[in-house]
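Notes follow the structure.
Number of protein chains: 2
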Amino acid sequence: MSNYSTSEENYIKAIYHLQPEGVVTTNELAAELNTRAASVTGMMKKLRSKKLVHYESYKGFRLTSEGRKLALMIVRRHRLWEFFLAEKLKFSWDEVHVVAEEMEHVSSKKLIDKLDEFLGFPRTDPHGDPIPDANGRIEVVRSICLTELPLNTASTVAYVSDQSTGMLELLGHKKIAIGTALEVKKKFSFDNSMEIRIRQQPVTTISGELAKNIFVKYDE
Amino acid sequence: MSNYSTSEENYIKAIYHLQPEGVVTTNELAAELNTRAASVTGMMKKLRSKKLVHYESYKGFRLTSEGRKLALMIVRRHRLWEFFLAEKLKFSWDEVHVVAEEMEHVSSKKLIDKLDEFLGFPRTDPHGDPIPDANGRIEVVRSICLTELPLNTASTVAYVSDQSTGMLELLGHKKIAIGTALEVKKKFSFDNSMEIRIRQQPVTTISGELAKNIFVKYDE
DNA sequence: AATTAAATTTAGGTTTGTCTAAAATAAGAT
DNA sequence: ATCTTATTTTAGACAAACCTAAATTTAATT
Ligand SMILES: [Mn+2]
Ligand SMILES: [Mn+2]
Ligand SMILES: [Mn+2]
Ligand SMILES: [Mn+2]
Chain A
0 MSNYSTSEEN YIKAIYHLQP EGVVTTNELA AELNTRAASV TGMMKKLRSK KLVHYESYKG
60 FRLTSEGRKL ALMIVRRHRL WEFFLAEKLK FSWDEVHVVA EEMEHVSSKK LIDKLDEFLG
120 FPRTDPHGDP IPDANGRIEV VRSICLTELP LNTASTVAYV SDQSTGMLEL LGHKKIAIGT
180 ALEVKKKFSF DNSMEIRIRQ QPVTTISGEL AKNIFVKYDE
Chain B
0 MSNYSTSEEN YIKAIYHLQP EGVVTTNELA AELNTRAASV TGMMKKLRSK KLVHYESYKG
60 FRLTSEGRKL ALMIVRRHRL WEFFLAEKLK FSWDEVHVVA EEMEHVSSKK LIDKLDEFLG
120 FPRTDPHGDP IPDANGRIEV VRSICLTELP LNTASTVAYV SDQSTGMLEL LGHKKIAIGT
180 ALEVKKKFSF DNSMEIRIRQ QPVTTISGEL AKNIFVKYDE
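So the sequences go chain by chain: A and B. Heads up, the first sequence is in numbering that gives the first Met the number 0, so the first residue is 0 and it goes up one at a time. Heads up, the second sequence is in numbering that gives the first Met the number 0, so the first residue is 0 and it goes up one at a time.
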């Protein structure tokens with residue numbers, strides 16, 4: 000039944016990331032994967048024959064439910080390994096992705112389910128992205144941008160959209176991570192900078208640029 | 000410098016297992032890898048050009064010191080993952096190999112060294128085979144066959160040469176595993192069966208066939 | 001409706017790793 | 001020394017994934 004090549008899996012995952020349900024175009028996918036449009040067309044024919052995508056010439060493609068299921072399994076593997084690397088092996092935030100990119104293709108279902116159990120069934124990866132469960136169910140993370148958060152409202156950092164090294168460094172310095180509880184005390188419209196309070200600590204100022212990339216959810 | 004394909008790595012590891020230092024022939028390697036002699040010849044030319052093997056037509060091949068170093072790194076990865084699977088994810092003895100066969104090709108050096116640390120620098124894998132350290136140094140396991148062990152001599156199971164499922168089942172039933180302390184109480188020359196005592200338990204009988212596959216080292 | 005530009009597909013190659021069948025070589029037996 | 005056989009290498013093909021360049025289709029503009 001199943002058993003797909005690394006390449007096929009990378010294509011399926013990329014389609015999922017661009018559009019879990021909707022239509023993706025050849026050039027979009029080529030850009031995402033750092034490959035050429037011609038290569039994408041070839042692969043789409045193959046994935047169509049394997050019933051993983053719907054595809055008609057010149058009309059783009061979207062995942063079949065089969066394809067989406069596979070994508071979710073790959074995402075699951077990727078994020079569980081990221082969690083393992085960060086939590087157990089003490090890799091830093093920006094290092095986990097590259098390694099997980101390779102590990103996600105080790106295909107043993109039992110391996111992944113046992114890993115999940117070993118890790119204590121984590122809900123999100125180190126970047127705050129939700130981890131699909133063994134059946135491919137994935138939580139919809141209801142998060143809003145820090146710039147939208149009302150003043151003096153208890154919230155928790157859920158997700159960071161820019162996952163570059165520079166971002167990591169800055170967040171580390173400001174002591175902000177996934178799960179950090181904070182509230183916004185003051186906003187300055189001039190430059191969109193804001194003052195925030197992290198737990199009981201004295202307020203700090205962060206730039207509008209930074210705030211734009213931080214997503215939080217309301218505390219229950 | 001380094002970065003070898005899965006196929007190249009599997010060839011290098013197979014050569015190492017057949018002959019860490021000595022000469023390996025084309026057909027031997029083809030048999031080991033379930034491939035054809037012609038494919039082996041092709042790969043040997045490639046590995047020669049990468050200075051991983053010494054190779055002259057019709058004369059077989061052996062690993063260069065570079066090749067041996069690579070082999071040891073692959074063996075290191077393989078056995079550390081086997082240990083991880085058995086120890087942390089509770090895989091049984093006979094399941095770990097197939098999965099590790101895939102995981103051994105994830106190439107991050109940092110990953111492996113951190114994994115080693117996380118696991119507490121284990122000396123041997125679940126089958127009793129020694130794990131090379133980060134510099135490729137590997138312990139020479141000084142073990143003798145259980146059939147050679149003198150009577151009433153304290154010893155510890157170090158290694159099992161047959162690693163099949165049937166063997167695992169039998170060993171499980173007899174409560175024998177790597178690290179089990181035992182001594183031989185009586186040998187019967189008629190069928191080479193023997194009575195052994197595991198720690199304080201009552202003696203059990205094992206067949207000559209089984210004893211032949213168990214290797215022990217003297218307790219210090 | 002005709003022209004042009006952008007997106008996509010097709011055509012034709014390359015690389016890696018595999019295979020089968022044929023040719024070449026080495027080594028043992030007469 | 002020649003024959004025979006087993007081993008190894010070469011030759012030629014194939015599949016998977018990729019590439020570039022050319023052709024085609026779609027969509028937007030005059
Ligand atoms: Mn990947
Ligand atoms: Mn992630
Ligand atoms: Mn392998
Ligand atoms: Mn082993």
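Cβ atoms here follow ideal geometry from the backbone N, Cα and C, with glycine treated the same way.
Cross-chain neighbours of residue i in chain B, by beta carbon under 9 Å
i, result
"Ser91 (chain A)", "None at all; the shortest Cβ gap to chain B is about 11 Å."
"Leu181 (chain A)", "Near Leu181 (chain A) there are no residues of chain B at all, since even the closest Cβ is about 31 Å away, more than 9 Å."
"Leu62 (chain A)", "Simply none; closest approach about 25 Å."
Contact set between residue i and chain A, taken where Cβ atoms lie within less than 8 Å
i, result
"Val105 (chain B)", "Val98, Glu101, Met102, Val105"
"Glu69 (chain B)", "According to the sequence shown, residue 69 (chain B) is Leu rather than Glu. In chain order: nothing, as chain A lies at least about 18 Å away."
Residue i CB to nearest heavy atom of ligand 4 below 8 Å
i, result
"Ala99 (chain B)", "yes"
"Arg198 (chain A)", "no"
"His77 (chain A)", "no"
"Asp115 (chain B)", "no"
"Pro125 (chain A)", "no"
"Glu81 (chain B)", "yes"
"Asp128 (chain B)", "yes"
"His96 (chain A)", "no"
The alpha helix (DSSP H) enclosing residue i, as first and last residue numbers
i, result
"Ser38 (chain A)", "36-48"
"Ala176 (chain A)", "Segment: none, Ala176 (chain A) is in no alpha helix (DSSP H) and carries neither H nor E."
"Val97 (chain A)", "95-102"
"Leu110 (chain B)", "108-117"
Neighbour list for residue i in chain A, Cβ cutoff strictly below 9 Å
i, result
"Phe117 (chain B)", "Lys87, Leu88, Lys89"
Chain-ordered neighbours of residue i on chain B, where CB pairs are closer than 8 Å
i, result
"Leu114 (chain A)", "Leu88"
Within chain A, partners of residue i - CB distance below 7 Å
i, result
"Leu167 (chain B)", "By Cβ distance, chain A contributes nothing, its closest Cβ being about 17 Å from Leu167 (chain B), past 7 Å."
The beta strand (DSSP E) enclosing residue i, as first and last residue numbers
i, result
"Tyr3 (chain B)", "Run containing Tyr3 (chain B): none; DSSP gives neither H nor E here."
Residue i Cβ short of 8 Å to ligand 1 heavy atom set
i, result
"Thr5 (chain A)", "yes"
"Glu31 (chain A)", "no"
"Asn9 (chain A)", "yes"
Sheet register partners of residue i (DSSP bridge)
i, result
"Lys186 (chain A)", "A:Met193"
"Ile205 (chain A)", "A:Met193"
"Lys216 (chain A)", "A:Thr155"
"Leu181 (chain B)", "B:Ser154, B:Ile197"
"Val23 (chain B)", "B:Phe60"
"Pro129 (chain A)", "A:Thr123"
Any non-hydrogen atom of ligand 2 within 8 Å of residue i CB
i, result
"Asp93 (chain A)", "no"
"Gln249 (chain A)", "In the structure as shown, chain A starts at 0 and stops at 219, and residue 249 (chain A) therefore has no counterpart that could be examined."
"Asp161 (chain A)", "no"
"His172 (chain A)", "no"
Under 7 Å from the C-beta of residue i: neighbouring residues of chain B
i, result
"Leu79 (chain A)", "Within chain B, no residue comes near Leu79 (chain A); the closest Cβ sits about 12 Å away, beyond 7 Å."
Residue i: CB within 8 Å of a non-hydrogen atom of ligand 3
i, result
"His53 (chain A)", "no"
"Ser12 (chain B)", "According to the sequence displayed, residue 12 (chain B) carries Lys and not Ser. The answer is yes for Lys12 (chain B)."
"His104 (chain A)", "no"
Alpha helix (DSSP H) runs wholly inside the segment 47-79 of chain B, at least 4 long, in chain order = Runs found: none.
Inside the segment 131-161 of chain B only - beta strand (DSSP E) runs reaching at least 3 residues = 154-159
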